[in-house]
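With our numbering applied, the sequence shown covers 4 to 133.
Contents: one structure, followed by commentary.
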Amino acid sequence: MRIVEGSEKPMRHLQTFMILAAGILISVLAGCETKPEQRHYSIQAEVVAVELPKKLIIVKHGDIPALMPAMTMSYTIAIPKEAESLGPGDKISADLVVSSSNARLEKIVLLEKAKPNPTPAPSKADASLG
Numbered sequence: 004m005r006i007v008e009g010s011e012k013p014m015r016h017l018q019t020f021m022i023l024a025a026g027i028l029i030s031v032l033a034g035c036e037t038k039p040e041q042r043h044y045s046i047q048a049e050v051v052a053v054e055l056p057k058k059l060i061i062v063k064h065g066d067i068p069a070l071m072p073a074m075t076m077s078y079t080i081a082i083p084k085e086a087e088s089l090g091p092g093d094k095i096s097a098d099l100v101v102s103s104s105n106a107r108l109e110k111i112v113l114l115e116k117a118k119p120n121p122t123p124a125p126s127k128a129d130a131s132l133g
């Protein structure tokens, strides 16, 4: 078989073009990657429990219009440091960030510290025992 001089150049050009086209296609497709849509809701809630090692907070919140009715629910804490001083009964505000794969609380702000439970006064029955 005889190779005609100059016939290799068009093949090299075609090969180079195909590699370049594939690279451009990959770049375009990577740029079209959709990011999960996130929605933000301002909430006010009462802390039920905080589980810092698990980065979870359980809160009792009111209705969140266009999302859910009032309920008690656990959420991931985006920045655990924001919840370090929180305890049961504390009132907070936060930004609830919801995507198709998760929900988390951000920008947690303490609105009101829970009042300590007063020591109950001794009952008459307790006084008669003494």
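C-beta: ideal position from N, C-alpha, C; glycine also.
Since we're looking at a predicted model, the values are computed, not measured.
Straight-line CA distance for residue i to residue j?
| i | j | result |
| --- | --- | --- |
| serine 45 | proline 56 | 25 Å |
| serine 102 | methionine 21 | 39 Å |
| lysine 118 | methionine 74 | 22 Å |
| isoleucine 27 | glutamate 40 | 26 Å |
| isoleucine 147 | isoleucine 60 | Outside the modelled stretch of the chain, which goes from 4 to 133, sits residue 147, for which no answer is possible. |
| lysine 63 | valine 112 | 15 Å |
| asparagine 120 | methionine 71 | 31 Å |
Helix, strand or coil: which one does DSSP assign to residue i?
| i | result |
| --- | --- |
| glutamine 47 | strand |
| alanine 86 | helix |
| lysine 116 | coil |
| lysine 94 | strand |
| lysine 110 | strand |
| leucine 70 | coil |
| lysine 57 | helix |
Just tell me which of the options has its CA closest to the CA of residue i.
| i | options | result |
| --- | --- | --- |
| valine 50 | Leu70, Ile67, Gly90 | Gly90 |
| serine 88 | Thr19, Glu54, Gln47 | Glu54 |
| glycine 92 | Leu108, Leu114, Glu85 | Leu114 |
| proline 83 | Thr19, Lys58, Arg42, His43 | Lys58 |
| methionine 76 | Gln18, Leu108, Glu85 | Leu108 |
| arginine 42 | Ile95, Val112, Asn120, Ile67 | Ile67 |
| glutamine 47 | Ser104, Gln18, Leu99, Asn105 | Leu99 |
| serine 104 | Tyr78, Ala86, Thr19 | Tyr78 |
Under the assumption that residue i contacts residue j (Cβ atoms under 8 Å), give the Cβ distance between them as a whole number of angstroms.
| i | j | result |
| --- | --- | --- |
| alanine 97 | lysine 110 | 6 Å |
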